[in-house]
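Asks:
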Amino acid sequence: MGCPRVELNYRIIMNPIKFECPYCHEINAGDESSYGQRVECRKCHATILVPSTPATAEPPTARLIQEPAARAETAPEAADQETDIFTLAPSGRAFIGQILLGLICVGLAIGVAIRGRDFSWPPWVALVPLASGVLLLLLVWIKVKSCSYRLTTQRLFVRRGWLAKHLDELELYRVKDVVVDQGVLQRVLGFGTITVLTDDDTTPQLNLVRISSPIKVKEMIRTQYRAARRREGVRPTEFLQSP
């Protein structure tokens, strides 16, 4: 005895659509199978073209959330690396009197050389003010070049001398205070002396003389010695009172 045969009919359900006739403006109905097909208007019987399947709107683009990168730990070598902050020399404005006097002597020598014939002066007379002026200018140049001040993130260096050189070196964490000294004329000309007070027995005090913009330089030194104290774990109370 055979099993009864069962036939299953599958029907695909289409979504209904509506479209307007471009001739008589009649609203016609159909389903999704009409997309892109030519059909007849039910009112005016004109042949019309149903538009193609409308494009599906793209969904909004998601915004990526980036996790902050883990901060790389500073290597001990990088933390201890010493870098330069500035290198200074005495300001030429501190020697303005000597510079003017030297230029006057040179000018006088030129005037004597030009007018000396009118007074029957020997040629060597002009050499006296010329040598004096050149000597004064040379001394100023030597004074400026024979001294330099160098600040790093860890130390302060003071170099003095032209032929025989003397170098003072100070660890910044030993600095107790920084003082600026400026007279009236020095304030007008924009230079002064910076005194660095320390707890170092060998170098209790360092003087940076004839420094241009001393207030700015003082703040730079202050920033670096405070940072050096933090690195070394030195507290201000560990220092004796500044004199």
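Heads up: the sequence shown begins at 1 in this note's numbering, then just goes up one per residue. Beta carbons: idealized from backbone N, C-alpha and C, even for Gly.
By alpha-carbon positions, which one of Val196, Glu232, Cys147 and Arg38 ends up nearest to Ser52?
Replies: For the purposes of this step, residue 52 is taken as the residue at position 52 of the sequence shown. Cα-wise, what sits closest to Ser52 is Arg38.
Asks: Rounding to the nearest angstrom, what Cα-Cα distance links Cys147 and Ile215 in this structure?
Replies: As a position in the sequence shown, residue 147 is number 147, starting the count at 1. As a position in the sequence shown, residue 215 is number 215, starting the count at 1. Roughly 20 Å between the two C-alpha positions.
Asks: Could you pull the DSSP bridge partners for Glu20 from this structure?
Replies: Reading the sequence shown from its first residue, position 20 is the one you call residue 20. DSSP lists Ile27 as partners of Glu20.
Asks: Measure the alpha-carbon distance for Arg93 versus Leu136 and round it to whole angstroms.
Replies: Position 93 of the sequence shown, counting from 1, holds the residue named residue 93. Position 136 of the sequence shown, counting from 1, holds the residue named residue 136. Approximately 14 Å, taken between the alpha carbons.
Asks: Among the candidates Ala131, Arg187, Ile85 and Trp141, whose CA atom is the shortest distance from the CA of Tyr149?
Replies: Locating residue 149 in the sequence shown gives position 149, counting from the first residue. The shortest C-alpha separation from Tyr149 is found at Ile85.
Asks: Identify, in the order they occur along the chain, each residue of the same chain with its Cβ nearer than 8 Å to the Cβ of Ser212, setting aside the five sequence neighbours on each side.
Replies: As a first step, residue 212 is located in the sequence shown; it is residue number 212 there, counting from the start. The answer, listed in chain order, is Leu88, Ser91, Arg93, Gly190 and Phe191.
Asks: Using alpha carbons as the reference points, say which of Asp177, Leu103 and Arg187 lies closest to Asp199.
Replies: Counting from 1 along the sequence shown, the entry for residue 199 is found at position 199. Ranking Asp177, Leu103 and Arg187 by Cα distance to Asp199 puts Asp177 first.
Asks: Assuming Val234 is part of the beta strand (DSSP E), what are its boundary residues?
Replies: As a working mapping, residue 234 is identified with position 234 in the sequence shown. Counting along the chain, Val234 falls outside any beta strand (DSSP E), and DSSP gives it neither H nor E.
Asks: When you compare only the Cα positions, how much space is there between Phe157 and Gln224?
Replies: Taking the first residue of the sequence shown as 1, we reach residue 157 at position 157. Taking the first residue of the sequence shown as 1, we reach residue 224 at position 224. One C-alpha to the other measures close to 13 Å.
Asks: Can you tell me which of the three DSSP states Gly192 falls into?
Replies: Position 192 of the sequence shown, counting from 1, holds the residue named residue 192. The answer is strand: DSSP assigns Gly192 an E or B state.
Asks: Keeping to the same chain, check which residues put their C-beta closer than 7 Å to that of Thr248; ignore five residues upstream and five downstream.
Replies: In the structure displayed, the chain extends from 1 to 243; residue 248 sits before or after that span and is not available.
Asks: Grouping DSSP H, G and I as helix and E and B as strand, with all else coil, what is Leu88?
Replies: In the sequence shown, counting from the first residue as 1, residue 88 sits at position 88. Reduced to three states, the DSSP call for Leu88 is strand.
Asks: List the DSSP bridge partners of Cys44.
Replies: For the purposes of this step, residue 44 is taken as the residue at position 44 of the sequence shown. Per DSSP, none; premise fails for Cys44.
Asks: Write down the C-beta distance between Thr153 and Thr83 rounded to the nearest angstrom, noting that I regard them as a contact closer than 8 Å.
Replies: Position 153 of the sequence shown, counted from the start, is the residue given in the question as residue 153. Position 83 of the sequence shown, counted from the start, is the residue given in the question as residue 83. About 5 Å; that satisfies the 8 Å criterion.
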